[in-house]
Amino acid sequence: MNELRQLYQEVIIDHNRSPRNFYVMKDCTSYAKGHNPLCGDQLELYLKVVNDVIEEVSFVGKGCAISTASASLMTESLKGHTIQEAENIFHNFHHFLVSKDQESHPNLGKLTVLVGVKTFPSRIKCATLAWHTLEAALHTSSEVASTE
Ligand code: ZN
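Heads up: the sequence shown at position 6 corresponds to 27 in the numbering used here, and the numbers run straight through without jumps.
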């Protein structure tokens, strides 16, 4: 288990150091800002949705390692999926973080590297900030997401 934890840690460090899809998207179709006041994490999320499919997703922002790595991993896991699939992934990911059982969720792929935050409930908001921002971007009534 320790080796696995270490591997997870390395993935998080890598995604924090060089976040994937980290840029301002000029021709996005959806946009939202996210803020986690508890930790000070801030991010802006850009989506290009064509015929209900997320063709491109990117973000910029400033935050702790967990929030940045989680946003980076999220962008990788969303590309090519439909809105409905994205909602399902969020649902499963959220359940994975808050549920008591230690089993990893088979459909979450790389997102399971964030299993470590389960031990630190205050960091769950860091890990889910990007996802809450995604919700705000998809349901555009509000363009500002807050974990509070
Ligand atoms: Zn944070």
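Where is the CB? At the ideal position from N, CA and C, for every residue including glycine.
Residue i in three-state terms, based on DSSP
i: V134; result: helix
i: N37; result: helix
i: N109; result: helix
i: N128; result: coil
i: F43; result: strand
i: S120; result: coil
i: H160; result: coil
Nearest residue (CA-CA) to residue i, options the options
i: A86; options: A151, G130 and I110; result: A151
i: R41; options: E24, L68 and V81; result: V81
i: L64; options: V74, M46 and A92; result: A92
i: V32; options: I104, M46, L132 and F114; result: L132
i: C147; options: E24, A157, Y44 and H115; result: H115
i: L118; options: K139, E106, I104 and L99; result: K139
Per DSSP, the bridge partner or partners of residue i
i: S51; result: L68
i: S167; result: H56
i: Q63; result: H56 and K83
i: T103; result: V74
Where the beta strand (DSSP E) containing residue i begins and where it ends
i: K83; result: V74 to K83
Residue range of the alpha helix (DSSP H) that includes residue i
i: T140; result: Note, T140: premise wrong, no alpha helix (DSSP H); not H, not E.
Pocket of the ligand ZN defined by Cβ to heavy atom distance under 6 Å:
N57, C60, D62, G84, C85, I87, S88 and C147
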